[in-house]
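Quick notes on the structure that follows.
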Amino acid sequence: SGFDNESFSVVWAIESVCHAEDKKDFLKEAYRLLKKDGRLVVDDGFLLRQPKDKREEKDLSAFLEGMALSNLAIESEFKKSLEEVGFKNIKIYDKVNETLPSAKKIYKMSIFSYPVSWALEKLRITPSLLTKNNLAGITQYRIIKNGIMGHRVFYAEK
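So in my numbering, spot 35 of the sequence shown is number 20, and the numbers just go up one at a time.
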């Protein structure tokens, strides 16, 4: 990037690191940009466990595709990557209970909008991405409720 080493006291990322292909690359860059004793805060969705059957695999895959995500970081691997990069005083805050009401609202809207978007896509009025995004609204709630994915806030210091 165009920023010098140790340019910032804080680097924070809200629901954006999930879009990085390689999460460790983001962490390395954040570490480089942080001043000594700088802080990193990452608020995002994380994979808590692997799917255990075909339905769970299908739900996770539909969520990733509908949200245009190549992958989700596994919570334990993300913590390990933080340590490997050099971060210390790592704290993890479970925010599933705080985010579940929003996921449930999106689920309820998507139950209605998914069939509508599917029909409009077949009529070539709307793009397939809209249909996939509506399906992701359904599957997101299911993978959270099933403990596959959860919302976490990571805090770490340089």
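We put the CB at the ideal spot given by N, CA and C, even for glycine. Model, not experiment: these values are computed from the prediction.
- Counting the other Cβ atoms within 10 Å of the Cβ of Arg109 gives fewer than 16, which makes it exposed.
- The Cβ atoms of Val138 and Lys80 sit closer than 8 Å to each other.
- Note on geometry: alpha-carbon atoms of Tyr16 and Ile75 lie some 13 Å from one another.
- In the structure shown, the three-state DSSP call for Asn131 is coil.
- Counting along the chain, Phe31 sits inside no alpha helix (DSSP H); it lies in the beta strand (DSSP E) bounded by residues 19 to 32.
- Beta-bridge annotation (DSSP): Arg109 is not paired with any residue.
- Taking 8 Å as the cut-off, the beta carbon of Met94 is found closer than this to the beta carbon of Gly122.
- Membership of Asp79 in the beta strand (DSSP E) is indicated by the continuous run 73 to 79.
- From the listed residues Phe72, Ile77, Lys89, the smallest Cα separation to Phe11 is found for Phe72.
- For Ser(-6), there is no enclosing alpha helix (DSSP H); the enclosing beta strand (DSSP E) has its first and last residue at -7 to -1.
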